[in-house]
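Read through the structure below, which is laid out as structure tokens, and then see the notes.
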Amino acid sequence: SFPQGIRNCYNISFTQGTKYLIRGTFFYGNYDGQSKLPQFDIHLGVNMWDTVNITNVTIPVIKELIHVPSQTNLQVCLVNTGLGMPFISAIELRPLSNKTYVTNFGSLALSARLDVGLQNIIQFNHHLTHGWPFNGDVYDRVWTPFNYNSSTTLSTSLLIDSQSNNYYQPPSIVMSTASTPINVSAPLELNWNSQNATSSQYYVYMHFAEVVNLKLISPDHSTLHSTLPPILNALEIYSIRDLSKPGTNQQDVDAITKIKLAYGIQRNWEGDPCLPQAYSWAGLNCSYESINPPRITSLDMSNNNLTGSVPDFLSQLQNLRVL
Numbered sequence: 001s002f003p004q005g006i007r008n009c010y011n012i013s014f015t016q017g018t019k020y021l022i023r024g025t026f027f028y029g030n031y032d033g034q035s036k037l038p039q040f041d042i043h044l045g046v047n048m049w050d051t052v053n054i055t056n057v058t059i060p061v062i063k064e065l066i067h068v069p070s071q072t073n074l075q076v077c078l079v080n081t082g083l084g085m086p087f088i089s090a091i092e093l094r095p096l097s098n099k100t101y102v103t104n105f106g107s108l109a110l111s112a113r114l115d116v117g118l119q120n121i122i123q124f125n126h127h128l129t130h131g132w133p134f135n136g137d138v139y140d141r142v143w144t145p146f147n148y149n150s151s152t153t154l155s156t157s158l159l160i161d162s163q164s165n166n167y168y169q170p171p172s173i174v175m176s177t178a179s180t181p182i183n184v185s186a187p188l189e190l191n192w193n194s195q196n197a198t199s200s201q202y203y204v205y206m207h208f209a210e211v212v213n214l215k216l217i218s219p220d221h222s223t224l225h226s227t228l229p230p231i232l233n234a235l236e237i238y239s240i241r242d243l244s245k246p247g248t249n250q251q252d253v254d255a256i257t258k259i260k261l262a263y264g265i266q267r268n269w270e271g272d273p274c275l276p277q278a279y280s281w282a283g284l285n286c287s288y289e290s291i292n293p294p295r296i297t298s299l300d301m302s303n304n305n306l307t308g309s310v311p312d313f314l315s316q317l318q319n320l321r322v323l
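Oh and the sequence shown: position 77 is 77 in full-length UniProt numbering, straight run, nothing missing.
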């Protein structure tokens with residue numbers, strides 16, 4: 001947990017250009033003995049990722065993104081919004097195939113990932129307590145049990161080979177169950193309400209596999225109707241998030257980070273120096289232009305008990321006007 005400061009960050013190394021599943025898990029469990037369910041924000045770099053709203057002591061909240069970093073280093077930051085102390089139980093990174101979850105723009109925030117037709121309730125914190133790929137999922141995705149109303153379940157004990165020619169590689173145990181309408185002439189419908197009213201674009205991924213051994217027929221004439229109802233094995237829903245806003249000029253970031261380390265600055269210098277503006281570092285002033293990344297223009301190092309000569313790398317702050 002983070003009782004000090006408004007913004008606290010983890011610096012994480014990425015492989016630039018690789019697609020990642022980024023997951024934050026928040027399990028309160030009344031760890032502080034206060035029985036006060038907190039709410040706070042989580043940022044990726046300088047961009048707002050989501051709001052973490054803890055509504056139950058024993059049920060974890062999971063936030064997931066599918067994101068392609070444009071840099072080799074990025075911060076995951078927790079921001080205190082005055083509604084309780086931020087905390088995090090785990091941060092996980094899983095590299096994905098770049099051929100999966102392709103979008104025209106933006107990153108994908110998970111809304112739902114459903115194991116359709118599963119009758120037994122899977123422990124939601126299985127991946128937390130065991131640390132293994134969830135149900136054999138090579139990407140360690142968490143699948144939530146789901147059944148449609150007015151549907152029946154199909155299942156097989158045989159291995160479903162859904163990974164050989166499928167970049168998404170849904171796990172066999174997820175694909176071994178499916179839902180189908182009780183009325184064979186009825187559609188299979190899902191009613192889903194968005195909790196994020198600000199997002200107007202969603203991506204839906206459906207996974208299909210036959211789980212019943214059917215008799216194949218090959219008529220030598222056209223057919224007007226299918227004799228079997230639809231089935232669905234798994235479903236994923238994501239909302240688009242714009243996380244493309246760049247941070248402070250990288251040369252300035254490198255220089256101010258050297259200053260922080262060289263002098264052991266104890267101020268709450270966390271995350272990006274200039275962005276978001278509401279959380280810019282104490283003692284800094286930055287220039288903000290609509291096109292170019294922010295630059296550090298002034299630096300106040302007073303009241304830090306500093307001694308010694310001015311370091312050479314201070315000259316790397318090329319837009320610095322006041323010291």
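Where is the CB? At the ideal position from N, CA and C, for every residue including glycine.
Since the structure is predicted, the reported quantities are computational estimates derived from the model, not experimental observations.
Looking at the strands, I want to know which residues DSSP matches up with residue i.
| i | result |
| --- | --- |
| Q39 | N53, L83 |
| R295 | S287 |
| P60 | According to DSSP, P60 bridges with nothing at all. |
| T144 | L114 |
| M206 | L235 |
| residue 358 | Because the chain here runs from 1 to 323, residue 358 falls outside it and cannot be looked at. |
| F26 | V61 |
| E270 | E270 pairs with nothing; no bridge assigned. |
| V76 | Y10, L44 |
| I66 | L21, L108 |
What residues in its chain sit with their C-beta under 6 Å from that of residue i, if we drop five residues either side in the sequence?
| i | result |
| --- | --- |
| S97 | Y167 |
| D312 | none |
| D272 | V46, G247, T248 |
| Q318 | none |
| S315 | none |
| L65 | I22, S107, A109 |
| C274 | T248, S280, C286, P294 |
| D300 | G283 |
| S164 | none |
| L118 | P145, T177 |
What three-state label does DSSP hand residue i in the structure shown?
| i | result |
| --- | --- |
| V322 | strand |
| T257 | helix |
| G247 | coil |
| Q123 | For Q123, the predicted model reports a pLDDT of 37, less than 50, meaning its position is unreliable; a value from the coordinates is still stated below. Residue state, collapsed to three classes: coil. |
| Y279 | helix |
| L93 | strand |
| L21 | strand |
| L314 | helix |
| T15 | coil |
| D252 | helix |
| G264 | coil |
| V5 | The question names Val, but residue 5 is Gly in the sequence shown. Reduced to three states, the DSSP call for G5 is coil. |
| G136 | helix |
Given residue i, which residues of its chain have a CB within under 7 Å of its CB, disregarding the five upstream and five downstream residues?
| i | result |
| --- | --- |
| V138 | Q169 |
| R321 | T297, S298 |
| M175 | I160, S162, H207, A209, N233, A234 |
| S157 | none |
| N213 | none |
| Y10 | Q75, V76, I91 |
Please check if any C-beta of chain B sits within less than 8 Å of the C-beta of residue i.
| i | result |
| --- | --- |
| S287 | Here there is only one protein chain, and chain B is not present. |
Within the same chain, show all residues whose beta-carbon is closer than 8 Å to that of residue i, passing over the 5 residues directly before and after it, in chain order.
| i | result |
| --- | --- |
| residue 375 | Since the first and last residues shown for the chain are 1 and 323, residue 375 lies out of range. |
| S150 | P181, I182, N183, A186 |
| F2 | N8, L78, N80, M85, P86, F87 |
| Q4 | N268 |
Does any heavy atom of the ligand FMN sit closer than 7 Å to the C-beta of residue i?
| i | result |
| --- | --- |
| G24 | What this structure holds is no ligand at all, so the ligand FMN is not there to describe. |
Any contact between the segment 18-28 and the segment 199-206? By contact I mean 3 or more CB pairs, one from each, below 8 Å. Taking a cut-off of 8 Å for Cβ pairs, the segment 18-28 and the segment 199-206 do not touch, as fewer than three such pairs fall below it.
Threshold first: 4 residues or longer. Then list the alpha helix (DSSP H) segments lying entirely within the segment 148-195, N to C. Within the segment 148-195, the complete alpha helix (DSSP H) runs of at least 4 residues are 172-175.
For the structure I just gave you, are there three or more beta carbon pairs, one from the segment 46-55 and one from the segment 268-284, closer than 8 Å? The segment 268-284 and the segment 46-55 touch, with three or more beta-carbon pairs separated by less than 8 Å.
Three or more C-beta pairs closer than 8 Å, one from the segment 290-298 and one from the segment 231-239: is that the case here? As far as the Cβ criterion goes, the segment 290-298 does not touch the segment 231-239, which means the pair count is below three.
Does the structure place the segment 61-72 close enough to the segment 1-19 that three or more beta carbon pairs sit under 8 Å? Using a Cβ-Cβ distance cut-off of 8 Å, the segment 1-19 and the segment 61-72 are in contact, since at least three pairs of beta carbons, one from each stretch, lie closer than that value.
Segment contact flag, the segment 239-247 with the segment 99-109, C-beta cutoff 8 Å, min 3 pairs: A contact between stretches requires three or more CB pairs, one per stretch, nearer than 8 Å, and the segment 239-247 meets this requirement with the segment 99-109.
Can we say the segment 249-260 touches the segment 172-185, given the rule of at least three CB pairs closer than 8 Å? No: fewer than three Cβ pairs fall under 8 Å.
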